[in-house]
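S.K.:
There are 2 protein chains.
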Amino acid sequence: MALEQDQFASSLLEQAVTELSRLPGVGRKTALRLALHILRRDESEGVALGQAIIEMRKGIRYCRVCHNISEEEICPICADGRRDSSTVCVVENVNDVMIIERTGQYGGLYHVLGGVISPMDGIGPDSLTIDSLVERVAQGNIKEVILALGATMEGDTTNFYIFRKLAPFTDVKITQLARGVAVGNDLEYTDEITLGRSLLQRTLFSDSFNS
Amino acid sequence: MALEQDQFASSLLEQAVTELSRLPGVGRKTALRLALHILRRDESEGVALGQAIIEMRKGIRYCRVCHNISEEEICPICADGRRDSSTVCVVENVNDVMIIERTGQYGGLYHVLGGVISPMDGIGPDSLTIDSLVERVAQGNIKEVILALGATMEGDTTNFYIFRKLAPFTDVKITQLARGVAVGNDLEYTDEITLGRSLLQRTLFSDSFNS
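Read top to bottom, the protein sequences are chains G and D. Number 402 marks the last residue of the first sequence (this note's numbering); no jumps. Number 402 marks the last residue of the second sequence (this note's numbering); no jumps.
#1: Going along the chain, which unbroken runs of the alpha helix (DSSP H) with 4 or more residues stay wholly within the segment 289-321 of chain D?
#2: Out of Leu300(G), Arg255(G) and Phe351(G), state which residue places its alpha-carbon closest to the alpha-carbon of Asp275(G).
#3: Take Asp347(D) as the anchor and find which of Val282(D), Glu264(D), Gln392(D) and Phe360(D) has the nearest alpha-carbon.
#4: Excluding the 5 residues preceding and the 5 following Asp354(G) in the sequence, name in chain order all residues of the same chain whose CB lies nearer than 7 Å to its CB.
#5: What does Gly250(G) touch in chain D if you count any residue whose Cβ is under 8 Å from its own?
#6: Using the DSSP secondary-structure output, state which residues sit across from Val281(G) in a beta bridge.
#7: Mapping the DSSP letters down to three states, classify Asp362(G) as helix, strand or coil.
#8: Output needed for Arg255(D): all residues of its chain with C-beta closer than 8 Å, excluding positions within five of it in sequence on either side, in chain order.
#9: Which whole-angstrom value is the C-beta distance of His258(G) and Ser309(G), which I expect to be below 8 Å?
#10: The alpha helix (DSSP H) with Ser202(D) in it runs from where to where?
#11: Roughly how many whole angstroms lie between the Cα atoms of Thr361(G) and Ile337(G)?
#12: Can you tell me whether DSSP reads Ile260(G) as helix, strand or coil?
#13: By a C-beta neighbour count over all protein chains shown, 10 Å radius and 16 as the cutoff for buried, is Arg393(G) buried or exposed?
#14: Could you check what DSSP says for Gln242(G) in three-state terms: helix, strand or coil?
#15: For His228(D), go through chain G and note every residue whose CB falls closer than 8 Å to its CB, in chain order.
#16: Is the CB of Asp275(D) under 8 Å away from at least one CB in chain G?
#17: Less than 8 Å between CB atoms is the rule here; does Val412(D) satisfy it with respect to chain G?
#18: Any residues in the segment 309-337 of chain G with a beta carbon nearer than 9 Å to a beta carbon of chain D? Which ones, in chain order?
#19: With distances taken Cα to Cα, identify the nearest neighbour of Gly315(D) among Leu214(D), Tyr352(D) and Cys269(D).
#20: Can Ala243(G) and Gln206(D) be called in contact, C-beta distance under 8 Å?
#21: By the criterion of Cβ-Cβ separation under 9 Å, what are the contact partners of Val238(G) in chain D?
#22: Could you tell me if Gly375(G) is buried or exposed, where buried requires 16 or more neighbouring beta carbons within 10 angstroms of its beta carbon?
#23: So, helix, strand or coil for Asp275(G), using DSSP?
#24: Are the C-beta atoms of Ser261(D) and some chain G residue less than 8 Å apart?
#25: Out of Leu304(G), Glu383(G) and Glu234(G), which one is the CA nearest neighbour of Asn350(G)?
#26: Compare the C-beta of Asn286(G) with all C-beta atoms of chain D and state if any pair is closer than 8 Å.
#27: At the 8 Å Cβ level, is Gln206(D) part of the contact set with chain G, yes or no?
#28: So, is the C-beta of Arg224(D) closer than 8 Å to a C-beta in chain G?
#29: Going by DSSP, what residue range makes up the alpha helix (DSSP H) through Leu348(G)?
#30: At the level of alpha carbons, what is the spacing between Met247(G) and Tyr380(D)?
#31: How long is the line joining the alpha carbons of Arg388(G) and Tyr253(G), rounded to whole angstroms?
#32: Can you tell which of Val372(D), Asp377(D) and Leu395(D) has the C-alpha that lies nearest to the C-alpha of Thr385(D)?
#33: As a quick exercise: from Arg213(D), Val217(D), Ala222(D) and Gly216(D), pick the residue whose alpha carbon is nearest that of Leu204(D).
#34: Ends of the alpha helix (DSSP H) at Glu383(D)?
#35: What residue does the alpha helix (DSSP H) around Cys269(D) start on, and which one ends it?
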């Protein structure tokens, strides 16, 4: 608390603490701890950290097609001719792209919304890249749009908004991630709504041999 | 876990995540979260963070006298002629200097040890600035050395080591921080050793009117 009016021994330290404390989850006390850690380590390590941040921020832009982060105008995923360009997976953010890539189960393209519709946080459809998605679909090459937003109220709202926006394209299949019992979970730890859905959307047992 | 072998969308992002994850308490998942946060904000903000870290690391050195951080050869505290240069407060690290300065109760100089003796962590007396403290005392201007290390086993060990090193200087008073009931604490939350010490070292009630 008193840290706010602190007299730091050095204005350079104070500046670094101020900038570090802008990071999410980092208060001024944590920022000071991080700064003192950097000071204790080799100069090269601190300089490398600073430079990596600057180079990342200056060098990374967003893919013109899917809005994923990229060093080029078109990201490596969109530019990869071996991927199935007729399938687009709609995700909330850049991190979700990495998470889905890590499953190794998806070979199509992505569309990064940049958030989900959340009136409470002042995020309407216009803050997101939904128009850009509609344009992509309007070009006619896309056969399936997979809605892969989180299973939250905001995610469901956004799913439904996109679903209605894409309704005119009657030949495009719109799917969403299966809801069900998480692999490794007991039934007693699964909520009733999820369990109900997993009953309604039950799958053939023999199908599980293929995955 | 799988994050280790991740294919990041960008080598610049990967580099930044690697550097950020060297910070204490920051794993690769947190580092990725921080990096994506920086990417979402203005370019100027990310660049300011990187530059503040570099400038701090390059610009800050250690005071030749007291080993506190400083932008000059002698830190502002040692250089301040209004401070009582006959009293030296021995602290573990730079943060402790700031903490004591914040009390507004101390007008002497400091000596930053850079740690406490801790054989388990491989920190012996030679890793600390104890020799430099003995040299300062040997110069003859210092009348009191206040041992202000933490009330831990390592702190006590270090206090005793310094006490013995300074024993030859019989005209130098060696004191330590009072142990006692923390202000605002009930007795039932005070451990027995602290309570015992605070009984033995009880102070005149009338003295509390002056503080």
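Glycine included, each C-beta is placed from N, C-alpha and C at the ideal position. Predicted, not measured: the structure shown is a model, and the values here were computed from it.
M.R.: According to the structure shown:
#1: none
#2: Leu300(G)
#3: Val282(D)
#4: One point to set straight first is that residue 354(G) is Phe, not Asp, in the sequence displayed. Closer than 7 Å at the Cβ level, and outside the excluded window around Phe354(G), lie Ile365.
#5: Ser201 and Leu203
#6: His302(G) and Leu338(G)
#7: coil
#8: Glu264 and Ile265
#9: The Cβ separation is near 18 Å, so there is no contact.
#10: Ser202 to Leu211
#11: 15 Å
#12: strand
#13: exposed
#14: helix
#15: Leu214 and Pro215
#16: no
#17: The shown model of chain D, from 192 to 402, leaves out residue 412(D), and the question about it has no answer.
#18: none
#19: Tyr352(D)
#20: yes
#21: Ile244, Ile245, Arg248 and Lys249
#22: exposed
#23: strand
#24: yes
#25: Leu304(G)
#26: yes
#27: yes
#28: yes
#29: Checking the sequence, you will find Thr at residue 348(G) rather than Leu. First-last of the alpha helix (DSSP H) with Thr348(G): Met344 to Leu357.
#30: 50 Å
#31: 36 Å
#32: Val372(D)
#33: Ala222(D)
#34: Glu383 to Leu391
#35: Pro267 to Ala270
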